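A.B. asks: For reference, the structure I am asking about is given below.
And the structure:
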């Protein structure tokens with residue numbers, strides 16, 4: 505019998521009951537909650553007269569539609585101008601109070617994007633099952649945890665039963681071999697992977713990311729990679745536990761302490777795929793081939809290296825692709841353009857659950873330091889992923905670097921990634937964004953999103969258009 | 091979930107094919123943080139002349155008098171007669187939520203959209219597929235006599251028309267069991283409560299650090 509993959513191990517250790525029809529009852533260790541997908545779940549509990557199975561397994565924070573300007577944030581939830589957003593955030597506060605769930609509310613320095621907050625607090629731990637009513641829950645797989653997004657009915661199901669009815673996915677290994685080039689980041693790696701396998705390439709699979717190119721990444725970088733597993737169609741992204749993982753977790757507020765810590769580390773050391781484990785699919789990329797990436801279209805798979813020409817619809821043979829490319833060209837307003845350097849940018853957004861951690865901000869600050877944002881730009885904003893990321897950045901003086909360069913320094917939240925708050929693109933505006941989705945209208949009605957790494961976004965903010973950050977920093 | 095066993099109620103005929111979920115509950119009402127309260131906006135665009143807004147008081151709004159649910163004789167209806175492909179469109183559970191909140195317990199149609207059909211069972215609402223000619227007969231009988239009631243018996247899998255004709259319908263055994271006993275997914279999983287507890291004890295012994303309480 506062949507060995508087990510990391511996914512197999514996590515699955516087996518959480519299997520409560522296997523059913524005849526192939527579905528199974530899986531135990532959930534941690535549920536993260538935010539204001540948008542939880543209200544009906546709590547309402548469901550109330551209507552049925554149910555209580556959460558285990559309140560200590562939940563952690564909540566508002567993120568999707570919290571405002572990011574100082575002006576709207578000084579009074580906490582009371583300062584939110586949009587009444588609908590305000591009700592959603594207030595409701596989360598009320599629900600957490602009623603059911604006794606720990607919440608980092610708007611005035612708490614620990615508030616932020618759920619997928620930044622969980623790991624930052626040590627709430628996300630290796631070997632856990634983690635769910636949240638948000639597809640980017642795959643982020644937490646960076647810790648060797650089984651993590652994925654769920655719907656509102658399932659949020660309620662987990663609250664009430666601590667379990668989820670699931671069918672097991674197949675195993676895929678995406679290996680990135682070799683040392684990454686300077687200024688090539690985790691974001692470029694994951695965009696290159698999505699470009700290689702497509703947005704449906706991972707459908708039905710749990711993807712484990714491995715190889716030296718992945719192992720060399722920091723935890724922040726690993727989270728960026730797993731975050732976008734869903735953009736490759738896989739609900740689950742995973743990375744094996746190693747010293748980097750354990751060092752990151754150590755000493756965090758909710759991480760185990762003392763005797764528990766030693767016990768935990770011993771258990772976590774096994775959270776790697778066995779040497780003889782069989783994967784249903786293996787994809788290999790060479791690090792040396794990965795250059796800074798930029799998306800040109802309206803799907804994350806519509807991505808090219810900065811020095812490549814934008815692919816044209818007429819050159820496509822697959823009719824579905826041809827039609828998709830033509831539609832994307834039109835929506836993105838690319839007519840007459842050859843490369844992405846030809847696109848004049850209107851806005852730059854550095855933030856989101858993909859790229860708003862301290863490492864992301866450090867890199868962006870390094871690029872813009874002593875430079876000025878292009879005069880053609882309408883706006884460039886930096887939105888830290890949590891209050892603690894913001895505090896750390898300010899301690900390091902990063903906010904001053906950004907502000908002196910002409911970028912706005914904001915309060916933590918999801919912000920322009922999905923434009924549920926006031927931060928959004930106008931119709932036809934091009935944005936260099938460190939977020940995860942470039943769908944039509946995602947960042948605002950008619951808005952045109954180009955997904956990039958923080959370094960590439962920072963360089964683009966200065967140049968006013970896309971440039972190879974590797975070349976840019978030499979000048 | 092509320093069980094469904096046998097229901098006798100006033101039937102309202104909605105003589106329109108391909109009723110989609112946007113018609114059942116328009117998008118602006120999805121901003122609600124609740125699963126309840128959608129009843130006043132059920133079929134909002136068919137029912138009112140103006141464009142409805144979330145949290146708007148609906149009693150004073152101009153109504154479309156010809157719409158079936160605005161007619162005096164159908165007030166208090168709890169069985170909806172519909173045409174083919176009812177509930178097509180999005181997967182929003184707000185659609186069955188709205189029908190349920192309005193007071194409907196069962197929907198009878200020649201066919202349903204798949205996702206909507208599924209969502210109904212999750213919300214204690216019974217969707218019944220009858221042959222087109224049987225549905226035609228029900229439409230005719232209900233139109234002919236004011237206050238006509240139909241009887242839906244899930245145990246027997248029958249619908250009895252106002253004139254006493256009995257039509258049989260099919261329903262998945264498992265779904266029938268859930269609905270008869272008022273078991274939703276959560277209810278079903280909770281039947282495994284002992285297994286979950288046993289698993290939890292085992293896990294607590296192996297990984298006690300996962301079970302520490304969190305302070306605020």
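Chains as they are written, first to last, in this note's numbering: chain X, 505 to 979; chain B, 91 to 306.
Quick reminder that beta carbons are idealized off the backbone N, C-alpha and C, glycines included.
Computed from a prediction, not measured in an experiment: that's the story for all the values here.
1. With a Cβ-Cβ cutoff of 8 angstroms, do residue 61 (chain B) and residue 136 (chain B) count as a contact?
2. Report, in whole angstroms, the separation of the C-beta atoms of residue 91 (chain B) and residue 274 (chain B), which I expect to be a contact under 8 angstroms.
3. From the beta carbon of residue 836 (chain X), is the nearest beta carbon of chain B less than 8 angstroms away?
4. Closer than 7 angstroms, Cβ to any Cβ of chain B: which residues of the segment 580-608 of chain X, in chain order?
5. What does DSSP give as the partner residue(s) for residue 913 (chain X) in the beta ladder?
6. Count the other CB atoms within 10 Å of the CB of residue 302 (chain B); is the residue buried (16 or more) or exposed (fewer)?
7. Using a Cβ cut-off of 8 angstroms, pull out every chain X residue sitting near residue 143 (chain B), in sequence order please.
8. Within this structure, are the beta carbons of residue 566 (chain X) and residue 593 (chain X) separated by less than 8 angstroms?
9. Residue 505 (chain X): buried (16+ other C-beta within 10 angstroms of its C-beta) or exposed?
10. What distance in whole Å lies between the Cβ atoms of residue 671 (chain X) and residue 526 (chain X), which are believed to be in contact at a cut-off of 8 angstroms?
11. Name the chain X residues that come within less than 9 angstroms of residue 234 (chain B), Cβ to Cβ?
12. Terminal residues of the continuous beta strand (DSSP E) containing residue 936 (chain X)?
13. So, at 7 angstroms on beta carbons, what are the nonlocal neighbours of residue 706 (chain X) in its own chain, with the 5 sequence-adjacent residues on each side left out?
14. Taking the alpha-carbon positions, what's the residue 947 (chain X) to residue 832 (chain X) distance?
15. Looking at the structure shown, is residue 34 (chain B) part of a helix, part of a strand, or coil, going by DSSP?
16. Quick one: does residue 126 (chain B) have its CB under 8 angstroms from some CB of chain X?
17. Using DSSP with H/G/I as helix, E/B as strand and the rest coil, what is residue 977 (chain X)?
18. Could you tell me which of X:688, X:722, X:585, X:644 sits nearest to residue 488 (chain X), measuring between CA atoms?
19. Using a beta-carbon distance cut-off of less than 9 angstroms, what residues from the segment 764-786 of chain X approach chain B?
20. The alpha helix (DSSP H) spanning residue 601 (chain X) covers which residue range?
21. Taking 8 angstroms as the CB-CB limit, is residue 212 (chain B) close to chain X?
22. Could you give the uninterrupted runs of the beta strand (DSSP E) lying entirely in the segment 838-876 of chain X, keeping only those of 3 residues or more?
23. For residue 820 (chain X), which three-state DSSP category applies?
24. Report yes if the CB atom of residue 887 (chain X) is closer than 8 angstroms to the CB atom of residue 285 (chain B), and no otherwise.
25. What is the DSSP secondary structure of residue 535 (chain X), counted as helix, strand or coil?
26. Are the C-beta of residue 548 (chain X) and some C-beta of chain B separated by less than 8 angstroms?
27. Would you identify the three-state DSSP class for residue 119 (chain B), choosing helix, strand or coil?
28. What runs of the alpha helix (DSSP H), each 4 residues or longer, lie entirely inside the segment 540-591 of chain X?
29. What does a CB cutoff of less than 6 angstroms around residue 202 (chain B) pick up in its chain, not counting 5 residues either side in sequence?
30. Terminal residues of the continuous alpha helix (DSSP H) containing residue 106 (chain B)?
31. Note down, one range per segment and in chain order, each alpha helix (DSSP H) of at least 4 residues found wholly within the segment 731-783 of chain X.
32. Answer with buried or exposed for residue 260 (chain B), where buried requires no fewer than 16 other C-beta atoms within 10 angstroms of its C-beta.
33. So which residues on chain B does residue 669 (chain X) lean against when the C-beta distance must stay under 8 angstroms?
34. Check each candidate in X:695, X:824, X:712, X:748 and name the one with the smallest Cα separation from residue 796 (chain X).
35. Taking buried to mean at least 16 other C-beta atoms within 10 Å of its own C-beta, is residue 823 (chain X) buried or exposed?
36. Along chain B, in chain order, which residues have C-beta atoms closer than 9 angstroms to that of residue 927 (chain X)?
C.D. replies: In short, the structure shows the following:
1. There is simply no residue 61 (chain B) to check, as chain B begins at 91 and stops at 306 in what is shown.
2. Here residue 91 (chain B) corresponds to residue number 1 of the second chain, with the count starting at 1. Here residue 274 (chain B) corresponds to residue number 184 of the second chain, with the count starting at 1. Yes, residue 91 (chain B) and residue 274 (chain B) are in contact; Cβ-Cβ is about 4 angstroms, under 8 angstroms.
3. Here residue 836 (chain X) corresponds to residue number 332 of the first chain, with the count starting at 1. By this cut-off, residue 836 (chain X) is not an interface position.
4. 588, 591, 592, 595, 606
5. Locating residue 913 (chain X) in the first chain gives position 409, where the first residue counts as 1. According to DSSP, residue 913 (chain X) bridges with X:886.
6. On the second chain, residue 302 (chain B) is found 212 positions in, with the first residue counted as 1. Residue 302 (chain B) comes out exposed.
7. Locating residue 143 (chain B) in the second chain gives position 53, counting from the first residue. Residues of chain X passing the Cβ test: none, with the nearest at roughly 11 angstroms.
8. One-based indexing of the first chain puts residue 566 (chain X) at position 62. One-based indexing of the first chain puts residue 593 (chain X) at position 89. Cβ distance < 8 angstroms, so residue 566 (chain X) and residue 593 (chain X) count as in contact.
9. In the first chain, the residue the question calls residue 505 (chain X) occupies position 1. Per the 10 Å Cβ criterion, exposed.
10. The sequence position of residue 526 (chain X) within the first chain is 22, counting from 1. The sequence position of residue 671 (chain X) within the first chain is 167, counting from 1. Indeed they touch by this definition, with Cβ atoms about 6 angstroms apart.
11. By 1-based counting over the second chain, the position of residue 234 (chain B) is 144. Here the premise fails: no neighbours, minimum Cβ distance about 38 angstroms.
12. Along the first chain, read from residue 1 onward, the residue named residue 936 (chain X) stands at position 432. Looking at the DSSP string, the run of the beta strand (DSSP E) that includes residue 936 (chain X) is 934-937.
13. Looking up residue 706 (chain X) in the first chain gives position 202. Cβ within range, chain order: 676, 733, 736, 737, 738.
14. Against the first chain, residue 947 (chain X) aligns to sequence position 443. Against the first chain, residue 832 (chain X) aligns to sequence position 328. C-alpha separation (whole angstroms): 15 angstroms.
15. Shown here, chain B extends from 91 to 306; a query on residue 34 (chain B) therefore has no answer.
16. To locate residue 126 (chain B), count along the second chain from 1; it is residue 36. By this cut-off, residue 126 (chain B) is an interface position.
17. Taking the first residue of the first chain as 1, we reach residue 977 (chain X) at position 473. Note: residue 977 (chain X) maps to coil in three-state DSSP.
18. Outside the shown range of chain X (505 to 979) lies residue 488 (chain X), about which nothing can therefore be said.
19. 764, 765, 767, 768, 771
20. Residue mapping note: residue 601 (chain X) aligns to position 97 of the first chain, counting from 1. Run containing residue 601 (chain X): 587-603, per the alpha helix (DSSP H) assignment.
21. As a position in the second chain, residue 212 (chain B) is number 122, starting the count at 1. Closer than 8 angstroms: yes.
22. 851-854
23. Taking the first chain and counting its residues from 1, the one referred to as residue 820 (chain X) is at position 316. Reduced to three states, the DSSP call for residue 820 (chain X) is coil.
24. In the first chain, the residue the question calls residue 887 (chain X) occupies position 383. In the second chain, the residue the question calls residue 285 (chain B) occupies position 195. No. Outside cutoff.
25. Stepping through the first chain from its first residue, residue 535 (chain X) is reached at position 31. In this structure, residue 535 (chain X) counts as strand in the three-state DSSP scheme.
26. Position 44 of the first chain, counted from the start, is the residue given in the question as residue 548 (chain X). Chain B, which has a Cβ nearer than 8 angstroms to the Cβ of residue 548 (chain X), makes this yes.
27. Position 29 of the second chain, counted from the first residue, corresponds to residue 119 (chain B). Helix, per DSSP.
28. 543-552, 574-577
29. Here residue 202 (chain B) corresponds to residue number 112 of the second chain, with the count starting at 1. Cβ within range, chain order: 176, 177, 217.
30. For this step, residue 106 (chain B) is matched to residue 16 along the second chain. No alpha helix (DSSP H) contains residue 106 (chain B), which DSSP labels as neither H nor E.
31. 747-753, 762-772
32. If you number the second chain from 1, residue 260 (chain B) lands on position 170. Burial call: exposed.
33. Translated into the one-based positions of the first chain, residue 669 (chain X) becomes position 165. Near residue 669 (chain X) (Cβ distances below 8 angstroms), the residues of chain B are 275, 279.
34. Along the first chain, one-based indexing puts residue 796 (chain X) at 292. Answer by Cα proximity: X:695.
35. Within the first chain, numbered from 1, the residue matching residue 823 (chain X) stands at position 319. Counting Cβ neighbours within 10 Å, residue 823 (chain X) comes out exposed, since fewer than 16 surround it.
36. Indexing the first chain from 1 puts residue 927 (chain X) at position 423. Simply none; closest approach about 19 angstroms.
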